[in-house]
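Take a look at the structure below.
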Amino acid sequence: MDAFVVVHENLIRKAINGQPGHPDWAGIMRLVNAVEAQPSSIDVFLELLVKHLKKDPSGLKYNSLMLIDALFKNGKKAQLARLQTKLLTSQLSAPELSEEPQLQNFIHQNAKIWVDCCAKENCLNSDFDKWQKTICTYYFVPQLTDELRTKFYSDLDSAAEILAMFCQTLITTFAEQGNPQDPLLREININVLEISRRAEKLVQTLNDPKLRSFCSKIFEFAKCCIIQYEAFKKNGSFDTQLLTKSMMKVEAEQKSRGQAKNAKSEEKPVKRTPLRTYGDDMADEDFFAEMAKLRAQRKGLQVQAQPVSTQQAVNDLLLLL
């Protein structure tokens with residue numbers, strides 16, 4: 001390893017050193033300044049950084065991502081143009097990063113800003129832009145709240161509705177010996193492709209078994225729609241039964257969820273009003289006076305029928321008990 005590479009390696013090690021999320025910011029800024037002074041050196045930096053993203057522990061990988069973030073957000077046109085390499089995007093998409101929730105969430109959160117920085121300097125690479133729009137669209141949810149779960153189900157139900165519309169339109173067009181290039185089919189197909197892409201990414205991030213199962217069926221339905229439509233365009237026919245069966249699986253899951261929701265609402269405890277019993281509508285003084293009378297009668301004692309104070313009634317009760 002020549003002296004030039006050693007110097008750059010030491011700069012990187014210094015910059016990413018520290019607890020996860022707490023790199024050496026002074027070291028990062030030194031590296032940013034070094035790259036700005038010599039833009040061609042960024043090629044060496046990237047090669048070294050990619051090695052750290054591959055082999056370092058998760059905490060240091062996170063700090064390396066923070067270093068990359070700083071290079072994009074503080075870079076000038078010459079540096080930004082060199083940062084947008086396939087070497088970097090391939091590593092950022094690798095399983096050792098994309099399957100780590102904290103690392104993938106950081107990339108998801110910041111990749112759009114990186115693209116904006118490049119666009120602002122008029123040096124945005126189309127491949128880099130495409131990478132951000134396709135690979136960086138999903139993120140991990142550490143805890144699925146009821147509100148977020150409801151939103152996911154609502155979005156997936158909307159997707160299911162679009163897929164069902166496409167399915168019915170496709171079958172109707174085929175039955176009526178229509179043209180596969182029907183404008184309505186082509187228009188809905190654009191949404192079907194997008195649903196397939198998004199559902200495939202989303203299902204990987206879901207930990208809730210029921211939600212994951214529903215999202216998986218949406219993805220399978222969308223994929224089936226795409227395959228059968230391509231068969232219709234190519235051969236003039238397709239497997240209508242397979243398409244219908246895929247749709248029915250989604251509908252069955254929706255029906256099951258609806259039944260479970262109704263059953264849960266029926267299980268809610270109903271507030272019951274207790275039956276009124278003797279004495280509910282009596283004042284305290286009258287109640288204690290009446291109780292004193294009853295006690296006295298049971299004991300064979302004569303109780304005066306004159307008004308009795310609450311305290312006196314209590315005293316009488318204590319004596320009779």
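Each residue of the sequence shown is one higher than the last, beginning at 1 in our numbering.
From the three backbone atoms N, C-alpha and C, an ideal C-beta is built for every residue, glycine too.
All values derive from a computational prediction rather than experimental measurement.
inquiry  = Any contact between the segment 151-161 and the segment 179-186? By contact I mean 3 or more CB pairs, one from each, below 8 Å.
reply    = no
ask   = For the alpha helix (DSSP H) that contains Lys-76, what are its first and last residues?
value = Element bounds for Lys-76: n/a, residue is neither H nor E.
inquiry  = If you reduce the DSSP assignment to three classes, tell me which class Pro-23 lands in.
reply    = coil
ask   = In the structure shown, what three-state DSSP assignment does Ser-93 receive?
value = coil
task = Decide if Val-192 is buried, meaning its Cβ has at least 16 other Cβ atoms within 10 Å, or exposed.
result = buried
query = Candidates Asn-33, Ile-42, Ile-16: which alpha carbon is nearest Ile-5's?
reply = Inspection of the sequence shows that residue 5 is occupied by Val rather than by Ile. When only C-alpha atoms are compared, the closest one is Ile-42.
query = Between which two residues does the alpha helix (DSSP H) carrying Glu-230 extend?
reply = 209-235
inquiry  = Using a Cβ-Cβ cutoff of less than 7 Å, which residues in the same chain neighbour Lys-223 once the five nearest sequence positions on both sides are dropped?
reply    = Ser-196
query = CB Val-50 to CB Gly-75, shorter than 9 Å?
reply = no
key: Beta-carbon proximity check, Leu-53 vs Glu-9, cutoff 9 Å   = no
key: For Pro-209 and Asp-69, the rounded distance between their alpha carbons   = 34 Å
query = Do you know how far the Cα of Arg-30 is from the Cα of Asp-127?
reply = 29 Å
query = If you draw a straight line from the C-alpha of Gln-228 to the C-alpha of Asp-239, how long is it?
reply = 7 Å
ask   = In whole angstroms, what separates the C-alpha of Tyr-62 from that of Gly-21?
value = 7 Å
message = Using the three-state DSSP reduction, which class does Asn-191 fall into: helix, strand or coil?
response = helix
ask   = If you draw a straight line from the C-alpha of Cys-136 to the C-alpha of Gln-204, how long is it?
value = 13 Å
query = According to DSSP, is Cys-167 helix, strand or coil?
reply = helix
inquiry  = Using the three-state DSSP reduction, which class does Asp-56 fall into: helix, strand or coil?
reply    = coil
key: Rounded C-alpha distance that separates Gln-38 from Lys-77   = 13 Å
Among Gln-91, Ser-98, Gln-143, Phe-45, the one whose alpha carbon lies nearest that of Arg-82 = Phe-45
key: Contiguous alpha helix (DSSP H) assignments of at least 4 residues, all confined to the segment 114-168   = 126-135
inquiry  = For a test of the three-state rule: what should DSSP assign to Asp-85, helix, strand or coil?
reply    = What sits at residue 85 in the sequence shown is Thr, not Asp. In this structure, Thr-85 counts as coil in the three-state DSSP scheme.
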